[in-house]
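Peer 1: Take a look at the following structure, please.
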Amino acid sequence: MALSRQTMTDEQRKSVALEYLKAFDNGGTTSSGGSILDLFAPDAQVMFPKWGIAEGHEAIGRMFADVGGTLKSIKHHYAEFTWIFSGGDLVVAEGTSHGEHTDGPWRAGVPDWAAGRWCDVFEIRDWLIQRCFIYLDPDYAGKDTARYPWLRAN
């Protein structure tokens, strides 16, 4: 990772994270019409559950194509986000979403145990995402119930 050249405020880091989430909702296109990959440092890392860690623009693009290829639509609920700032380069966003996966629709809280709640941990420096680790249940349509006794019973 490159050495830091600019000091950023928490609000500036938050704006980069929001731009990323909105670009994801917009099929990978930023508000300026660029690629979501433009928001990442060349050697950035992104982790998505059941995919693993992608490093660099090529691998991150492949990950987003794989994951995005399973989504017909997604919408993050921006007004409900919780933001946590480390006082350094780390920003944590916790929130909810709804949309449609190729296996079916989802909405956070319907049912309460299903997909739609997520948490992203960002490292943002020099106006670029250096690291984004995504924590969520990738079973968007809630089909993976057979392996969990408490869900099988319902």
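Residue numbers (the numbering used here): 13 to 166.
Beta carbons are placed, not taken as given, at the ideal position from N, Cα and C, and that holds for glycine.
Keep in mind it's a predicted model, so treat the numbers as computed, not measured.
Please confirm if the region 56-64 is in contact with the region 141-148, defined as three or more CB-CB distances below 8 angstroms between the two stretches.
Peer 2: Segments in contact, yes.
Peer 1: What's the gap between the Cα of G99 and the Cα of R164?
Peer 2: For the purposes of this step, residue 99 is taken as residue 87 along the sequence shown, with counting starting at 1. For the purposes of this step, residue 164 is taken as residue 152 along the sequence shown, with counting starting at 1. Their backbone Cα atoms lie some 43 angstroms apart in a straight line.
Peer 1: When we look at the beta-carbon of A29 and count the other beta-carbons within 10 Å, is it buried (16 or more) or exposed?
Peer 2: In the sequence shown, residue 29 corresponds to position 17, counting from 1. By the neighbour-count rule (16 or more Cβ atoms within 10 Å), A29 is buried.
Peer 1: Less than 8 angstroms between CB atoms is the rule here; does D50 satisfy it with respect to chain C?
Peer 2: The structure shown has no chain C; it contains just one protein chain.
Peer 1: Got a sec? Which residues, its chain only, sit under 7 angstroms from F52 by beta carbon, not counting five neighbours each side?
Peer 2: Mapped onto the sequence shown, residue 52 falls at position 40. If we look at F52 and ignore the five residues flanking it on each side, its Cβ neighbours are H69, I72, L140 and I141.
Peer 1: Whole-angstrom Cβ separation of V103 and I136, contact assumed at under 8 angstroms?
Peer 2: The residue you call residue 103 lines up with position 91 of the sequence shown. The residue you call residue 136 lines up with position 124 of the sequence shown. That belief holds up - the Cβ atoms of V103 and I136 are roughly 6 angstroms apart, short of 8 angstroms.
Peer 1: Going by beta-carbon coordinates alone, are H110 and A126 separated by less than 8 angstroms?
Peer 2: Counting from one through the sequence shown, the residue named residue 110 turns up at place 98. Counting from one through the sequence shown, the residue named residue 126 turns up at place 114. Not a contact, by the Cβ cut-off of 8 angstroms.
Peer 1: Between the beta-carbon of D50 and the beta-carbon of T41, is there less than 8 angstroms?
Peer 2: Mapped onto the sequence shown, residue 50 falls at position 38. Mapped onto the sequence shown, residue 41 falls at position 29. Cβ atoms of D50 and T41: not closer than 8 angstroms.
Peer 1: Since K84 contacts E112 with CB under 8 angstroms, what's their CB separation in whole angstroms?
Peer 2: Your numbering for residue 84 matches position 72 in the sequence shown. Your numbering for residue 112 matches position 100 in the sequence shown. Yes, K84 and E112 are in contact; Cβ-Cβ is about 4 angstroms, under 8 angstroms.
Peer 1: Rounding to the nearest angstrom, what Cα-Cα distance links T21 and L33 in this structure?
Peer 2: For this step, residue 21 is matched to residue 9 along the sequence shown. For this step, residue 33 is matched to residue 21 along the sequence shown. Near 19 angstroms, if we compare the C-alpha coordinates of L33 and T21.
Peer 1: Is any heavy atom of the ligand SAM found at a distance shorter than 7 angstroms from the C-beta of D55?
Peer 2: With respect to the ligand SAM, the structure offers nothing, as it holds no ligand at all.
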